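Residue numbers are given in this note's numbering: position 20 of the sequence shown equals residue 28, and the series is strictly consecutive. Glycine included, every Cβ here is placed at the ideal spot set by N, Cα and C. Quantities reported herein were computed from a predicted structural model and do not represent experimental measurements. The structure under discussion appears below in the form of structure tokens.
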Amino acid sequence: MKTRIRDIRRKDMQQVAFDILAEEGFHGVTLAKVAERLGMSRGLVHHYFTGKDELLEAAVRFGNRLISEEIAASLRRCKTPQERLTTICNGNFDERMYIASRAQYWISYCAQATFSARFARLLNVQNSRMRSNLLHELRQLLPKVEAERAAEMIAMLMDGIWVRMAATKAEPTREAALAMLTSLVDRLLGSSSPPKVDRPERSKRQ
């Protein structure tokens with residue numbers, strides 16, 4: 009029971025720290041703010057996290073898991089490389105995650121990685137995982153060299169879309185983002201029936 013309570017408390021702290029990250033960036037996250045939002049003492053937060061850097065790393069890992077776990081669950085239901093490629097593209101723009109605050113968190117995370125070895129390692133692991141996931145499917149659809157090139161281009165477009173969302177706080181919309189990915193995948197595969205990313209249905213005019 010003690011282990012379970014500890015895990016729950018730690019996860020709550022990670023989630024709150026991640027929310028503050030999205031709102032205020034890396035410099036805004038403190039043990040005191042996390043403690044205040046959870047209605048507990050700073051000392052208790054310090055009991056679970058020895059310092060700000062450890063808390064920040066836990067928050068980043070929490071954010072990474074939000075997307076990766078959802079994608080992993082969806083991939084288990086796919087039967088073809090095309091379906092899995094579609095799932096990876098759609099999963100990185102989950103409507104619950106693709107919002108301005110999450111995009112701003114992403115920018116803050118990337119900026120931190122430019123001068124922090126701790127966060128550079130996390131970002132490299134995350135990017136490598138994404139590239140590996142894309143390559144696993146693309147190598148079944150394209151020659152090796154073309155698959156590697158395609159994986160890089162898809163990953164770079166995804167990153168660019170998130171950056172633009174962070175800058176504008178509204179654009180591109182999820183529908184537009186998925187349409188851009190569809191267009192790129194279509195051209196890279198050069199197939200008459202390439203995998204299509206889902207496009208949200210347009211609201212019917214009243």
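Residue i and residue j closer than 7 Å at C-beta
i, j, result
"A159", "L149", "no"
"L74", "V37", "no"
"Q22", "F70", "yes"
"L6", "V68", "Nothing in the structure corresponds to residue 6, since the chain is present only between 9 and 214."
"A187", "I115", "no"
"L93", "E145", "yes"
"C97", "L189", "yes"
"S109", "A25", "no"
"A185", "I169", "yes"
"T95", "S76", "no"
"E91", "R182", "no"
"Q120", "F57", "no"
"A40", "R50", "yes"
Assigned exposure category for residue i - 16 Cβ within 10 Å defines buried
i, result
"N79", "The sequence as given places Ile at residue 79; Asn does not occur at that position. The residue in question, I79, is buried, as its Cβ has 16 or more Cβ neighbours within 10 Å."
"K212", "Interpretation of K212 is limited by its pLDDT of 43, a score under 50 that renders its predicted location unreliable; the figure taken from the coordinates is listed afterwards. Label assigned to K212: exposed."
"F123", "exposed"
"M166", "buried"
"I16", "exposed"
"G99", "buried"
"M164", "exposed"
"N135", "exposed"
"N141", "buried"
For residue i, three-class secondary structure by DSSP
i, result
"E179", "coil"
"Y106", "coil"
"L52", "helix"
"G99", "helix"
"T94", "helix"
"V37", "coil"
"K87", "coil"
"L29", "helix"
"G198", "coil"
"L149", "coil"
"G168", "helix"
"T190", "helix"
Segment limits, alpha helix (DSSP H) that includes residue i
i, result
"F70", "60-83"
"L143", "125-146"
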